[in-house]
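Peer 1: This structure is in structure tokens; I'll ask about it shortly.
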Amino acid sequence: MDPALETDHDYSDIENELKNHAKNIPVDLPVGYCKEAACVITVILNVIIFLLGIVGNGAVIWITGFKMKKSVNTTWYLSLALSDFIFCATLPFIISRIVTDDWIFGLFMCKFTSFVMTINMYSSIFILVIISVDRCIIVKFPVWAQNRRTIKKASLVVMMVWFVSALLSIPPAKFRDITDITHDSRTVKCYNNYKDHHSTIVYTRFTFGFLIPFLTISTCYSVLICKLRENQVSKLTKPYKIMTLLITTFFVCWLPFHITSILEVGKTKHDPVFHTAQQISAALATANSFINPFLYAFMAKDLKKKCYSFLSKIESAFDEETRSTFQRTTNTNSVDNRLSTAV
């Protein structure tokens, strides 16, 4: 699996095994791994993800946090970008480990990088759930949304999302550990020491990080589609297109990772084909952290000019979203007022 998202395999007995058999290095923890072509490709991919993720998400943070007028929409996307930015900021630690085949940053950073990666997954999907529910409320209860949908409440929701994400990220970090391996030279491994909790960690992550959000978002989309049909709207507006792209991209990137993690539970033997599938699925999951800013940019108008006006297009995507949201709300209110007058 891509080292940025470490395989879930349980190495709880590795310390005793290595003490008795110093030269018998497990297949899943190879020495000099980065001499292989697969490792070189992994390093290149992680460097690209790091650079694009830092620049892209940094731009979104700057635009939504400092350049644009604050709104509920910018609050959601600022949190999403911040989560991805923090994740990308930890990639140099992972890249260093891949290149040197050695963990030189100690036990705290071993646990902390795992914590950051897990909180990124949870906070991202939870924010996407919030965005879906928010859209659903705007369409279903427009008057209530206009009166009650405030920046302060949105900020409170975001803080709750981060708090819950942090709680769910503690167990995986707790089971991260380091151990010395002495072969031709001494190296340190940062690994998952799940003991008897492997399946619990995997299924909890799948349930809260994928299944429940998927069902919630699907329900919201069903409500939105029904409402749009009632209003005889044939085309999705830009905010809904952006939301659809973000959610679709997240599920495409993370579903293979969850599938391989579940299939890995109970595995005791090294399978080269399965290991390759793990690497691909983890690379997809990691890539999700730099994709969102480019989705914002390419959803804007004038496709030919996108490469020359990246920052302005990101701002345009958010700005048009805000205008579109309040325009729909205003139009709905006008209809409601006319109906009230008629009655």
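Heads up: the sequence shown is residues 414 to 756, going by this note's numbering. Just so you know, even glycine gets a beta-carbon here, dropped at the ideal spot from N, CA and C.
1. Considering only the alpha carbon of each residue, which of 677, 464, 571 and 449 lies closest to residue 616?
2. Using the rule of at least 16 other Cβ atoms within 10 Å of the residue's Cβ for burial, across every protein chain shown, is residue 639 buried or exposed?
3. Return the chain-ordered list of same chain residues with a C-beta closer than 6 angstroms to the C-beta of residue 653, the five sequence neighbours on each side being excluded.
4. Looking at the secondary structure, which residues open and close the beta strand (DSSP E) in which residue 602 lies?
5. Looking at residue 511 and residue 603, is the spacing between their C-beta atoms short of 8 angstroms?
6. May I ask which residues mark the beginning and end of the alpha helix (DSSP H) holding residue 487?
7. Do three or more CB pairs link the segment 655-672 to the segment 617-627 at distances below 8 angstroms?
8. Going by beta carbon distance, what residues of the same chain come within less than 6 angstroms of residue 545, once the five residues before and after it are set aside?
9. Around the Cβ of residue 573, are there at least 16 other Cβ atoms within 10 angstroms (buried) or fewer (exposed)?
10. Helix, strand or coil for residue 517, going by three-state DSSP, please let me know.
11. DSSP three-state call for residue 563: helix, strand or coil?
12. Rounded to the nearest angstrom, what separates residue 660 and residue 543 at their Cα positions?
13. What's the C-alpha gap between residue 628 and residue 590?
14. Determine the extent of the alpha helix (DSSP H) in which residue 640 is found, giving its start and end residues.
15. Among all the DSSP beta bridges, which residues are the ones paired with residue 592?
16. What are the boundary residues of the alpha helix (DSSP H) that includes residue 469?
17. Where does residue 547 sit, in a helix, a strand or coil, going by DSSP?
18. Skipping 5 residues on each side, what residues in its chain have a beta carbon closer than 7 angstroms to that of residue 491?
19. Per DSSP, what kind of secondary structure is residue 671 in: helix, strand or coil?
20. Starting from the Cα of residue 658, find the closest Cα among 461, 577, 701 and 509 and give me that residue.
Peer 2: On the basis of the coordinates in this document:
1. One-based indexing of the sequence shown puts residue 616 at position 203. With distances taken between Cα atoms, residue 616 lies closest to 677.
2. Along the sequence shown, read from residue 1 onward, the residue named residue 639 stands at position 226. Residue burial annotation: residue 639 is exposed, with fewer than 16 other C-beta atoms found within 10 angstroms of its C-beta.
3. Within the sequence shown, numbered from 1, the residue matching residue 653 stands at position 240. Closer than 6 angstroms at the Cβ level, and outside the excluded window around residue 653, lies no residue.
4. Counting from one through the sequence shown, the residue named residue 602 turns up at place 189. Element bounds for residue 602: 599-605.
5. Looking up residue 603 in the sequence shown gives position 190. Looking up residue 511 in the sequence shown gives position 98. No, the pair does not count as a contact, with Cβ atoms beyond the cut-off.
6. Here residue 487 refers to the residue found at position 74 when the sequence shown is read from its first residue. It spans 485-502 - the alpha helix (DSSP H) in which residue 487 sits, taken as one unbroken run.
7. A contact exists between the segment 655-672 and the segment 617-627.
8. On the sequence shown, position 132 is the one that residue 545 refers to. Leaving aside the five residues that flank residue 545 on each side, the residues in its chain whose CB is nearer than 6 angstroms to its CB run, in chain order, 630 and 633.
9. Here residue 573 refers to the residue found at position 160 when the sequence shown is read from its first residue. Burial check for residue 573: the Cβ neighbour count within 10 Å stays below 16, so the residue is exposed.
10. Taking the first residue of the sequence shown as 1, we reach residue 517 at position 104. In this structure, residue 517 counts as coil in the three-state DSSP scheme.
11. Within the sequence shown, residue 563 is the residue found at index 150, counting from 1. Residue 563 falls in the coil class under three-state DSSP.
12. Position 247 of the sequence shown, counted from the start, is the residue given in the question as residue 660. Position 130 of the sequence shown, counted from the start, is the residue given in the question as residue 543. Straight-line Cα distance between these residues: approximately 11 angstroms.
13. Taking the first residue of the sequence shown as 1, we reach residue 628 at position 215. Taking the first residue of the sequence shown as 1, we reach residue 590 at position 177. About 34 angstroms.
14. In the sequence shown, the residue the question calls residue 640 occupies position 227. Segment 625-643, the alpha helix (DSSP H) holding residue 640.
15. Counting from 1 along the sequence shown, the entry for residue 592 is found at position 179. Residue pairing by DSSP places residue 592 opposite 602 in a beta bridge.
16. One-based indexing of the sequence shown puts residue 469 at position 56. 450-475 is the extent of the alpha helix (DSSP H) around residue 469.
17. Taking the sequence shown and counting its residues from 1, the one referred to as residue 547 is at position 134. Residue 547: helix per DSSP, three-state reduction.
18. Counting from 1 along the sequence shown, the entry for residue 491 is found at position 78. Hits under 7 angstroms: 474, 477 and 478.
19. In the sequence shown, counting from the first residue as 1, residue 671 sits at position 258. Here residue 671 sits in helix by DSSP.
20. For the purposes of this step, residue 658 is identified with residue 245 of the sequence shown, where counting begins at 1. Between residue 658 and the set 461, 577, 701 and 509, the nearest pair of CA atoms involves 701.
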